[in-house]
Each structure stands twice: as C-alpha cells, then as structure tokens.
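Asks: Chains as they are written, first to last, in the UniProt record's numbering: chain Y, 1 to 218; chain C, 1 to 218.
For every residue, glycine included, the Cβ atom is placed at its ideal position computed from N, Cα and C.
Here's a structure for you.
Protein chains: 2
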Amino acid sequence: MSPAPTPRPRDAATPRSRDRDATARGLMQAAIRVLARDGFTALGPNAVAAEAGCDKKLIYRYFGGMDGLLESLGEDIALWLAGPPPELPEGAAYGNRIGTLLSAYAEGLRGDLALQRLLAWELAETGAPLRKLDAARSAAFGQWVGGMLRGSSPPAGVDAPAVNAVLLAALHYMTLARRSMGRFAGLDLATPEGQARLDAALAFLVDRAYGPAPEDAP
Amino acid sequence: MSPAPTPRPRDAATPRSRDRDATARGLMQAAIRVLARDGFTALGPNAVAAEAGCDKKLIYRYFGGMDGLLESLGEDIALWLAGPPPELPEGAAYGNRIGTLLSAYAEGLRGDLALQRLLAWELAETGAPLRKLDAARSAAFGQWVGGMLRGSSPPAGVDAPAVNAVLLAALHYMTLARRSMGRFAGLDLATPEGQARLDAALAFLVDRAYGPAPEDAP
DNA sequence: TTCATAAGTCACCGATTGGGGACATGCAAG
DNA sequence: CTTGCATGTCCCCAATCGGTGACTTATGAA
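What follows is the structure, given as structure tokens:
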C-alpha cells in the first residue's frame with residue numbers, strides 16, 4: 001500500500017508491453033494511485049484504466065470487474081504495511097510495547113495516503129468487496145502487532161484488547177481528520193504543535209492505562 | 001439532525017403546496033433523509049428532489065445548487081444535537097463530567113444516522129461546503145459541552161483538550177466502524193457484549209486519565 | 001512460414017448525472 | 001375581473017458512468 005513505484009500514465013510512443021501479468025499488476029498499482037490521489041468516490045474502471053494507460057476492458061477480462069480487482073488487491077498483502085516492525089528491547093513491559101507500536105504505526109499511516117483513503121472508505125460504505133479488503137488488511141495488521149506483543153501480557157484487570165482498540169480508533173480518526181479537515185475538537189492538527197499534543201495525549205493514556213494502578217502505589 | 005418528522009415522498013394526488021418556505025424546508029429535510037439512508041455519495045440534486053417530491057430545479061432557484069442547500073443546512077442549528085444535556089450533580093469532578101458527557105453523546109450519536117454519515121463524509125472528502133457544515137456542527141457541539149464543563153477544571157499536568165479529543169475521536173471512529181463493518185481491531189461491535197466492553201474501556205481511560213495520578217497515592 | 005490464440009484497442013450502448021431553458025398555473029395586488 | 005409574478009413542472013442538454021461486442025495485432029508453437 002505505497003503511492004506506487006512506477007508513475008505509469010502510458011507513454012504514447014511505447015507500443016504497449018503485451019504482457020498480461022505486467023499489465024494486471026499495472027492496473028492494481030493504478031487503482032492504488034487513483035485511490036490515494038482522488039479517494040474512493042473516483043475509483044471506477046474508467047479512472048483506473050486511464051491511470052494505468054490501457055483499456056478498461058482489460059479490467060473485466062483479467063479481474064472480472066472492479067470488485068475482482070479490489071479482491072486481488074486484498075490478496076496481495078505485500079502491498080500493505082510495508083514498514084518493518086520497530087525495534088523493541090527484550091523484556092519491555094506491555095505498556096511500553098503498545099506505546100512504541102502505536103507511534104510506529106501512526107508514522108506509517110500518516111505517510112500512506114492510500115491506506116487512509118481505504119479506512120475512510122470502510123467507514124463510509126458497506127459492501128462485499130470492501131469487507132474482503134478490510135479482512136485482508138485487518139489480518140495483516142493483526143499479525144504485525146501480534147508478533148510484537150508475543151511474550152508479554154497486560155496488567156491484570158485491564159481489558160487490553162478493548163483499550164487498544166480505543167487507542168487505535170482514535171489514531172485512525174485523528175489521522176483522517178488531519179488530512180481532510182485539518183482540525184478536530186478544537187485542536188489544530190495541521191501544526192507540529194497540535195500533532196505533538198496529540199501524540200503526547202496518546203502516550204499519556206497508554207501510560208496511565210498500563211502503568212501502575214493508582215491504588216497499587218504503597 | 002434527526003431522521004425526519006415527515007416522510008414526504010410526494011402524494012401524487014395533492015397538487016403541491018405552492019409555499020416557497022415550506023418546500024425549501026422540505027428539500028432540506030429530504031437532503032438529511034437521503035444522507036441518512038444512502039450516504040453522501042448519493043446526495044445529489046436528483047436524489048434530494050425525488051425524495052422531497054418536487055422538481056430539482058427548485059434546488060437551484062432557492063439555494064443556488066446543492067452547495068447552497070448544504071450551507072443552509074449548516075445554518076439551521078436546530079436540527080443538530082437535539083438531545084438536551086444530561087443531568088449532572090452539582091460539584092461533580094472533572095473526570096466524572098467528561099465520563100457522563102461522553103456516554104450521553106455516544107448514545108445520541110448512535111441514534112443519529114445522518115450525523116454519522118456526515119462524520120464519515122468529513123473524513124472522506126474535502127471541500128468548501130463541507131467545511132462550513134463541519135464548522136457549524138463543531139460550534140454547536142462545543143457549546144453543548146462547554147456549558148456542561150463550566151465551573152470545573154481538569155487535574156493539573158493533564159492536557160485535557162488533547163485527551164478529550166482522543167477519546168472523542170475514538171468514540172466517533174468506533175461508532176462509524178460499528179455501522180459499516182460491525183467489527184474493529186478484533187472486537188465484535190455488533191453484539192451488546194462488544195459494545196459494553198468498549199464503553200467500559202472508554203470509562204476506564206477517563207477514570208485513569210482524570211483520576212488520581214499513580215504517584216499521588218501515599 | 002503458418003496460424004491459433006491471447007493481448008490490446010476502439011466504438012458503442014443504455015443509464016444516470018448535474019444543470020438550465022421554456023412553459024404552465026395558482027395567488028394576490030391592482 | 002384582470003394581470004403580474006412567483007411557484008412548480010416538463011423536457012432537453014452535454015458529460016460521464018459502468019459494461020460489452022467486434023476488431024486488430026503481436027507472439028509462440030507447430
């Protein structure tokens with residue numbers, strides 16, 4: 001899920017590669033580019049084919065339509081979450097792991113416009129192809145985070161999955177709001193200061209949630 | 001911002017009211033209904049006029065187009081956040097107020113499909129008319145919450161606006177995710193149990209954020 | 001070299017979109 | 001009663017949409 005290696009609005013001189021796999025890949029990357037640039041409302045056969053520089057008919061021949069193309073995109077997990085997991089000290093506490101994991105993911109998400117557009121899409125529409133895309137993305141993400149938490153467990157009495165979901169949801173929302181509105185709930189997300197306050201608030205909540213409970217201190 | 005008092009797909013027998021203000025209001029309410037039912041991707045002149053049961057030409061005559069209609073919707077703050085503020089004990093602590101306020105808002109948001117659609121819209125697209133709509137909504141919300149927090153202040157050392165923004169963002173995201181995907185980050189949001197875990201996690205975070213700091217305990 | 005087949009292109013279809021011009025009609029002022 | 005005007009309706013427009021049939025052309029096997 002990166003902006004795309006090859007900016008491939010067809011060169012009119014080159015006589016088309018006549019290589020099915022290559023053009024199919026080109027269509028997939030074009031779809032990602034269109035999604036990143038113009039959002040899901042513009043993600044149609046016409047736009048994708050124009051971006052890829054070939055005829056839209058090939059979308060139907062090779063993928064059976066846009067739904068099939070999206071499905072193929074979901075299966076190609078290599079395109080998702082390209083960044084390697086962040087380094088972690090051996091015996092790091094659960095809260096520490098969640099904190100660094102969250103900020104690493106935040107940085108990756110901020111740089112991945114297509115992923116942002118996909119998240120917004122998931123919130124706006126329902127539909128079978130979208131569900132499959134989300135399932136693939138969720139699975140990849142789950143694996144990414146799962147491997148990083150292996151061997152450490154949250155403090156007792158804390159519903160860690162629910163708390164983590166809340167923090168992740170907040171991160172998603174504010175990242176999307178930053179791009180589209182630039183501000184949210186009175187905070188200016190466009191400025192580095194606003195962004196810093198947000199990151200600090202997230203870190204603060206992680207610390208309070210997974211640090212020692214108030215009554216634990218002697 | 002409620003589903004609409006009058007389900008007004010024109011009665012073919014009644015010969016049209018010939019009342020400019022009434023039809024203008026009807027168009028606004030129709031727009032809200034279309035937004036709630038089909039989402040912002042379907043919110044066009046054709047759909048709104050069909051829903052209102054009159055000709056789309058009137059949208060251009062009375063509002064100058066869809067953008068003007070949306071702007072008028074924003075100015076009509078009476079349609080937003082109809083619910084009255086929840087009751088609060090006199091000397092309630094800041095954390096308590098945030099908690100009850102958050103859950104009251106959550107309940108209202110869950111029941112207001114049009115507002116949900118609007119939030120998703122704001123995350124998906126940019127544009128002048130949308131910005132004005134959001135500004136109106138944000139202002140109304142700010143007043144709603146502002147009045148309820150008057151006279152109490154957060155614990156020192158806590159960036160309350162940022163923390164509240166995070167919690168609110170999480171609430172928004174999970175409410176939208178519940179409607180569209182039904183699940184998020186491994187949590188099943190459709191079941192009452194999942195919803196309860198989420199509410200509990202939010203309350204837990206509020207408590208930890210605004211309760212006594214770990215080192216405060218003797 | 002021939003030739004079947006797949007890769008690619010082009011032109012077209014019906015439906016729907018966001019608009020606007022031309023016209024009918026009811027109401028209220030004269 | 002007549003007349004002016006705002007209200008409402010109808011029909012048309014160009015553009016775009018998703019989708020497909022018919023065609024050309026390159027390539028690899030015989």
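With a 10 Å radius around its C-beta and 16 neighbouring C-beta atoms as the bar for buried, classify C:G39 as buried or exposed.
Replies: Your numbering for residue 39 of chain C matches position 39 in the second sequence. Buried: at least 16 other Cβ atoms inside 10 Å.
Asks: Whole-angstrom Cβ separation of Y:A170 and C:F184, contact assumed at under 8 Å?
Replies: As a working mapping, residue 170 of chain Y is identified with position 170 in the first sequence. As a working mapping, residue 184 of chain C is identified with position 184 in the second sequence. Contact doesn't hold; Cβ gap of about 12 Å is too wide.
Asks: Compare the Cα-Cα distances from Y:V158 to each of Y:P84, Y:C54, Y:A213 and report the closest residue.
Replies: One-based indexing of the first sequence puts residue 158 of chain Y at position 158. Of Y:P84, Y:C54, Y:A213, the residue nearest in Cα terms is Y:A213.
Asks: What does a CB cutoff of less than 7 Å around Y:A203 pick up in its chain, not counting 5 residues either side in sequence?
Replies: The residue you call residue 203 of chain Y lines up with position 203 of the first sequence. Within the same chain, Y:A203 has close Cβ partners G99.
Asks: For Y:R18, does the count of other Cβ atoms within 10 angstroms reach 16, so buried, or fall short, so exposed?
Replies: Looking up residue 18 of chain Y in the first sequence gives position 18. By the neighbour-count rule (16 or more Cβ atoms within 10 Å), Y:R18 is not buried but exposed.
Asks: Per DSSP, which residues does C:F184 bridge with? Please list them.
Replies: Reading the second sequence from its first residue, position 184 is the one you call residue 184 of chain C. DSSP lists C:L187 as partners of C:F184.
Asks: Beta-carbon within less than 6 Å of Y:T14's beta-carbon, same chain only, minus the 5 sequence neighbours each way: which residues are those?
Replies: Position 14 of the first sequence, counted from the first residue, corresponds to residue 14 of chain Y. Per-residue confidence for Y:T14 stands at a pLDDT of 49, beneath the threshold of 50, marking its modelled position as unreliable; the derived number appears in the next sentence. So no residue of the chain qualifies.
Asks: How would you label Y:I191, buried or exposed, when you count the other beta carbons within 10 angstroms and need 16 or more for buried?
Replies: As a working note, residue 191 of chain Y is residue 191 in the first sequence. As written in the sequence, residue 191 of chain Y is Thr, which differs from the Ile given in the question. Exposed is the call here.
Asks: Does DSSP put C:D134 in a helix, in a strand, or in coil?
Replies: Numbered from 1 along the second sequence, position 134 holds the residue referred to as residue 134 of chain C. The answer is helix: DSSP assigns C:D134 an H, G or I state.
Asks: Taking Cβ positions, are C:V48 and C:L101 nearer each other than 8 Å?
Replies: On the second sequence, position 48 is the one that residue 48 of chain C refers to. On the second sequence, position 101 is the one that residue 101 of chain C refers to. The answer is no: Cβ separation not under 8 Å.
Asks: Please report the straight-line C-alpha distance between Y:S103 and Y:S153, rounded to a whole angstrom.
Replies: One-based indexing of the first sequence puts residue 103 of chain Y at position 103. One-based indexing of the first sequence puts residue 153 of chain Y at position 153. Cα to Cα, Y:S103 sits roughly 19 Å from Y:S153.
Asks: In the DSSP assignment, find the alpha helix (DSSP H) that holds C:K57 and state where it starts and stops.
Replies: The residue labelled residue 57 of chain C in the question sits at position 57 within the second sequence. That run of the alpha helix (DSSP H) goes 57-63.
Asks: Compare the beta carbon distance of Y:L88 and Y:R97 with 8 Å and say whether it is the shorter of the two.
Replies: Working through the first sequence from its first residue, we reach residue 88 of chain Y at position 88. Working through the first sequence from its first residue, we reach residue 97 of chain Y at position 97. Yes, these two residues count as a Cβ contact at 8 Å.
Asks: How big is the Cα-Cα spacing for Y:E90 and Y:A160?
Replies: Translated into positions along the first sequence, residue 90 of chain Y becomes position 90. Translated into positions along the first sequence, residue 160 of chain Y becomes position 160. Approximately 20 Å between the Cα atoms of the pair.
Asks: Quick test of your reading: C:L176 and C:L119, contact by CB under 8 Å. State the CB separation rounded to the nearest angstrom.
Replies: Translated into positions along the second sequence, residue 176 of chain C becomes position 176. Translated into positions along the second sequence, residue 119 of chain C becomes position 119. At roughly 6 Å, the Cβ-Cβ gap stays under 8 Å, so C:L176 and C:L119 are in contact.
Asks: What are the start and end residues of the alpha helix (DSSP H) that includes residue 279 of chain Y?
Replies: With chain Y covering only 1 through 218, there is no way to say anything about residue 279 of chain Y.
Asks: Which bits of chain Y does C:E122 rub up against, with CB to CB less than 7 Å?
Replies: Looking up residue 122 of chain C in the second sequence gives position 122. Simply S180, M181.
Asks: Starting from Y:F204, follow the alpha helix (DSSP H) in both directions and report where the run begins and ends.
Replies: Numbered from 1 along the first sequence, position 204 holds the residue referred to as residue 204 of chain Y. 192-210 is the span of the alpha helix (DSSP H), which, as asked, contains Y:F204.
Asks: Could you check whether C:V34 and C:A22 sit closer than 8 Å to each other, using their CB atoms as the reference points?
Replies: Counting from 1 along the second sequence, the entry for residue 22 of chain C is found at position 22. Counting from 1 along the second sequence, the entry for residue 34 of chain C is found at position 34. No, they are not a contact pair.
Asks: Look at C:L73 and C:L167 and say whether their C-beta atoms are less than 8 Å apart.
Replies: The residue you call residue 73 of chain C lines up with position 73 of the second sequence. The residue you call residue 167 of chain C lines up with position 167 of the second sequence. In this structure, C:L167 does not lie closer than 8 Å to C:L73 by Cβ.
Asks: If we define contact as Cβ-Cβ less than 8 Å, is C:D21 a contact residue for chain Y?
Replies: On the second sequence, residue 21 of chain C is found 21 positions in, with the first residue counted as 1. Chain Y contact via Cβ: absent.
Asks: Using beta-carbon positions only, say whether Y:E51 and Y:A30 come within less than 8 Å of one another.
Replies: Translated into positions along the first sequence, residue 51 of chain Y becomes position 51. Translated into positions along the first sequence, residue 30 of chain Y becomes position 30. For Y:E51 and Y:A30, yes; Cβs fall inside 8 Å.
Asks: Does the Cβ of Y:P84 have 16 or more other Cβ atoms within 10 Å, making it buried, or fewer, making it exposed?
Replies: Locating residue 84 of chain Y in the first sequence gives position 84, counting from the first residue. So Y:P84 counts as exposed.
Asks: Less than 8 Å separating the beta-carbons of Y:G186 and C:G111?
Replies: The residue labelled residue 186 of chain Y in the question sits at position 186 within the first sequence. The residue labelled residue 111 of chain C in the question sits at position 111 within the second sequence. Contact flag unset, no.
Asks: Note down, in chain order, all residues in the segment 191-208 of chain C with a beta-carbon under 8 Å from any beta-carbon belonging to chain Y.
Replies: So the close ones are R197, L198, A200, A201, L202, F204, L205, R208.
Asks: Near Y:A114, what residues of its chain come up, given a Cβ to Cβ distance below 6 Å and the 5 sequence neighbours on each side ignored?
Replies: For the purposes of this step, residue 114 of chain Y is taken as residue 114 along the first sequence, with counting starting at 1. The residues are M1, I32, L35, A36.
Asks: Roughly how far, in whole angstroms, is the beta-carbon of Y:A162 from the beta-carbon of C:A200, given that I think they are within contact range, below 8 Å?
Replies: As a working note, residue 162 of chain Y is residue 162 in the first sequence. As a working note, residue 200 of chain C is residue 200 in the second sequence. At roughly 7 Å, the Cβ-Cβ gap stays under 8 Å, so Y:A162 and C:A200 are in contact.
Asks: Which whole-angstrom value describes the C-beta separation of Y:D76 and Y:M28, a residue pair presumed to lie in contact below a C-beta threshold of 8 Å?
Replies: Start at 1 with the first residue of the first sequence, and residue 76 of chain Y comes out as number 76. Start at 1 with the first residue of the first sequence, and residue 28 of chain Y comes out as number 28. Right, their Cβ atoms sit about 7 Å apart.
Asks: Say whether chain C places a C-beta atom closer than 8 Å to the C-beta of Y:E125.
Replies: As a position in the first sequence, residue 125 of chain Y is number 125, starting the count at 1. Chain C, which has a Cβ nearer than 8 Å to the Cβ of Y:E125, makes this yes.
Asks: Is the CB of C:N164 under 8 Å away from at least one CB in chain Y?
Replies: The residue you call residue 164 of chain C lines up with position 164 of the second sequence. Yes - at least one Cβ of chain Y is within 8 Å of the one on C:N164.
Asks: Does any CB atom of chain Y fall closer than 8 Å to the CB of C:T41?
Replies: As a working mapping, residue 41 of chain C is identified with position 41 in the second sequence. Chain Y, which has a Cβ nearer than 8 Å to the Cβ of C:T41, makes this yes.
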